[in-house]
Amino acid sequence: MTGIDIEKILKLAPSPAYVVDLGRLRHNLAILDEVQRRSGAKILMALKAFAMWSVFPIIRETLQGVCASSPWEARLGREEFGREVHSFAAAFKESDVVELLAVSNHLVFNSFNQLDRFRPLWEKERGRVSVGLRVNPEHSEGHTPIYDPCAPKSRLGIPRREFDGRSLEGVEGLHFHTLCEQLFEPLERTAKVFEEKFGPFLHGMKWLNLGGGHHITREGYDIDALVELIKYFKGKYGVEVYLEPGEAIAIGTGILVGEVLDVVRNEMDIAILDVSATCHMPDVLEMPYRPGITGGFDPGEKAHTYRLAGPSCLAGDVIGDWSFEQPLQPGDRLVFEDMSHYTMVKTTTFNGIQHPAICTFEPETGELRVVRRFGYEDFKVRLS
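Numbering (the UniProt record's numbering), first residue to last: 1 to 384.
Written out as C-alpha cells, the structure reads:
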C-alpha cells in the first residue's frame with residue numbers, strides 16, 4: 001500500500017493483527033479538513049465503518065463529531081469522541097430514544113410513525129436535541145443490492161409520497177444516505193433527484209445531512225464539485241450541511257497481518273491461514289469483494305497459485321485465489337490491504353478463533369504499538 005512501510009510492520013506486528021498507519025490517517029483527515037474549510041460543511045465519522053476509539057483523539061482534531069446507529073455507538077461517541085453525536089436507526093425502542101436523547105445532538109427518525117410516537121419524549125428536549133427525518137429519494141446508485149438503501153422495497157428512509165398530509169412540526173432537518181464506496185458523480189445525480197422531491201421542505205429547516213458512502217479521500221474524487229454542491233444547498237436554503245463518511249476516514253490506512261498455518265491439496269493448493277473471512281473480513285463474503293494482498297497476484301499470473309482460506313469449520317470460509325512468485329510455507333506472513341474499515345467493527349469470535357490484535361504504526365518514529373490483545377476471557381464473556 002502506498003505510504004505504508006509494510007516490511008517494518010511485518011517485523012514488529014503479531015499475527016493475526018490489524019495495524020492502522022497513523023500517517024495515512026492524518027493524510028485522509030487533511031483532505032476532509034480542506035472540504036470543511038472550503039465548503040463550510042461539517043463532517044462526521046460514521047462509527048459503523050470505523051470505531052477504533054484509541055485514535056479518536058487524532059480524528060477529533062479535524063472532524064466535528066460522529067454518527068451512530070445505536071445507543072451503544074452513540075454512547076461511545078459521547079464518551080470517547082466528545083464532539084457532536086448524530087443518531088439514526090431504522091427503528092427505536094422507547095428505551096433507545098430515552099438513552100439517545102441523553103447523549104445525542106441530532107436524532108433522526110426513519111418514519112412518521114416513530115416521529116409521532118416518541119414526540120412526547122423529544123419535544124421535551126427541543127433546543128438541545130435537533131430532530132430530523134431520513135428520506136428515501138428512490139434513486140438507486142448502488143451496485144450491490146445488500147448495500148443499496150434505495151433498492152426496491154427498502155426499509156430505509158421515507159418516500160416522498162409519505163409526506164403528503166403529514167405534519168413537520170418540530171422537524172429541523174432532513175437526511176438521506178444512498179451511496180456506498182462512490183465518487184462524486186453519483187452524489188450529484190442523487191442530490192438533483194432529492195431536491196426535486198424534497199427541496200420545498202428544506203425552506204425553514206436548519207440542516208441537511210447528505211449521509212455517507214462518499215469516498216472523498218480516494219484518488220479521483222472531484223473535491224471542487226463537492227464543495228460547490230455544498231455551497232449551493234447552504235446558499236439556496238440557508239441550512240447547515242453535514243456529511244458522514246466512514247470509509248473516507250479510514251480508507252488506505254490499515255492492513256491485516258496473517259500467517260500461513262498449513263498448505264493442503266485438493267485439486268489445487270490451499271493455504272490455511274490464522275485469519276478468517278467469516279470472522280475477520282466478513283465483507284469478503286457479503287459484498288463479495290477481493291482484498292488486495294501485498295505481493296499477491298491474480299491466479300495463474302505467477303508461478304504458484306493458492307486458494308487462501310480461514311481456519312474455521314465453515315466450508316465457505318474462503319478468502320479467494322491468488323498467485324505468488326514463491327511457494328507459500330507454514331510461518332509465512334501475508335498482508336491484506338485496506339483493512340481498517342468494515343473489519344474491526346464486524347468481527348466475530350465464531351469457533352473461538354483468535355481475534356486479531358489491534359495495533360497502530362507511527363511512521364514518524366517507526367513505533368508499532370499493540371493497543372489491544374484479545375484472550376479467552378473476551379470470547380467467554382460474550383456467551384453465558
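Note that the Cβ used here is the ideal one computed from N, Cα and C, for glycine as well.
For residue j and residue i, the rounded distance between their alpha carbons
i: Ser312; j: Ile272; result: 10 Å
i: His175; j: Leu133; result: 6 Å
i: Leu328; j: Val264; result: 11 Å
i: Gly82; j: Thr305; result: 48 Å
i: Lys153; j: Asp269; result: 43 Å
i: Glu99; j: Leu107; result: 11 Å
i: Lys42; j: Glu337; result: 29 Å
i: Gly295; j: Glu325; result: 8 Å
i: Asp321; j: Arg26; result: 33 Å
i: Gly220; j: Glu247; result: 15 Å
i: Ser340; j: Asp164; result: 42 Å
i: Cys180; j: Asn136; result: 15 Å
i: Lys11; j: Arg38; result: 41 Å
i: Gln36; j: Val275; result: 38 Å
i: Gly211; j: Arg161; result: 21 Å
i: Val103; j: Arg75; result: 6 Å
i: Asp224; j: Leu183; result: 12 Å
i: Glu94; j: Phe112; result: 15 Å
i: Phe201; j: Leu226; result: 22 Å
Limits of the alpha helix (DSSP H) - the one that residue i falls within
i: Tyr376; result: Tyr376 to Lys380
i: Asp33; result: Leu22 to Ser39
i: Leu273; result: Here Leu273 belongs to no alpha helix (DSSP H); instead the beta strand (DSSP E) covers Asp269 to Leu273.
i: Thr190; result: Phe184 to Leu202
i: Phe163; result: Phe163 -> no alpha helix (DSSP H), and no H or E assigned at all.
i: Trp122; result: Arg119 to Trp122
i: Phe233; result: Ile223 to Tyr237
i: Arg75; result: Pro71 to Leu76
i: Lys346; result: That residue, Lys346, is in no alpha helix (DSSP H); it is neither H nor E in DSSP.
i: Cys279; result: Ala277 to His280
With 16 other Cβ atoms within 10 Å as the buried cut-off, status of residue i
i: Pro356; result: buried
i: Pro159; result: exposed
i: Val381; result: exposed
i: Ala91; result: exposed
i: Arg24; result: buried
i: Ser167; result: exposed
i: Glu377; result: exposed
i: Pro186; result: buried
i: Glu364; result: exposed
i: Trp72; result: exposed
i: Pro149; result: buried
i: Glu141; result: buried
i: residue 436; result: In the structure displayed, the chain extends from 1 to 384; residue 436 sits before or after that span and is not available.
i: His203; result: exposed
i: Gly157; result: buried
Start-to-end residues for the beta strand (DSSP E) that takes in residue i
i: Lys93; result: No beta strand (DSSP E) holds Lys93; DSSP gives it neither H nor E.
i: Val370; result: Glu367 to Arg372
i: Phe176; result: Unbroken run through Phe176: none, as it is neither H nor E.
i: Glu286; result: Premise fails: Glu286 lies in the alpha helix (DSSP H), Asp283 to Glu286, not in any beta strand (DSSP E).
i: Phe56; result: Taken as a continuous stretch (DSSP letters only), Phe56 belongs to no beta strand (DSSP E), being part of the alpha helix (DSSP H) at Phe56 to Ile59.
i: Lys153; result: Looking at the DSSP string, Lys153 is not in any beta strand (DSSP E), and its letter there is neither H nor E.
i: Ala68; result: Gly65 to Ala68
Distance CB(residue i)-CB(residue j) smaller than 8 Å
i: Leu101; j: Phe109; result: no
i: Ile249; j: Val241; result: no
i: Glu228; j: Cys67; result: no
i: Glu84; j: Leu32; result: no
i: Lys206; j: Gly173; result: yes
i: Glu267; j: Leu22; result: no
i: Leu334; j: Val260; result: yes
i: Val171; j: Val131; result: yes
Heavy atom of the ligand SAH within 7 Å of residue i beta-carbon
i: Ala91; result: What this structure holds is no ligand at all, so the ligand SAH is not there to describe.
Given 8 Å, three or more beta-carbon pairs between the stretch 297-312 and the stretch 199-217:
Between the stretch 297-312 and the stretch 199-217 there are fewer than three inter-stretch CB-CB distances shorter than 8 Å, so the stretches are not counted as touching.
Is there contact here, the stretch 247-257 with the stretch 12-19, by at least three beta-carbon pairs under 8 Å?
Cβ pair count under 8 Å is three or more, so yes.
Taking 8 Å as the cut-off, does the stretch 361-376 touch the stretch 272-291 (at least 3 CB pairs, one atom from each stretch)?
Touching, no, given that fewer than three Cβ pairs across the two stretches are closer than 8 Å.
Across the stretch 314-331 and the stretch 50-60, are there enough close Cβ pairs to call them in contact, namely three or more that are closer than 8 Å?
As far as the Cβ criterion goes, the stretch 314-331 does not touch the stretch 50-60, which means the pair count is below three.
How about the stretch 275-284 and the stretch 346-354: do they share at least three Cβ pairs that are nearer than 8 Å?
At 8 Å Cβ cutoff, the stretches touch.
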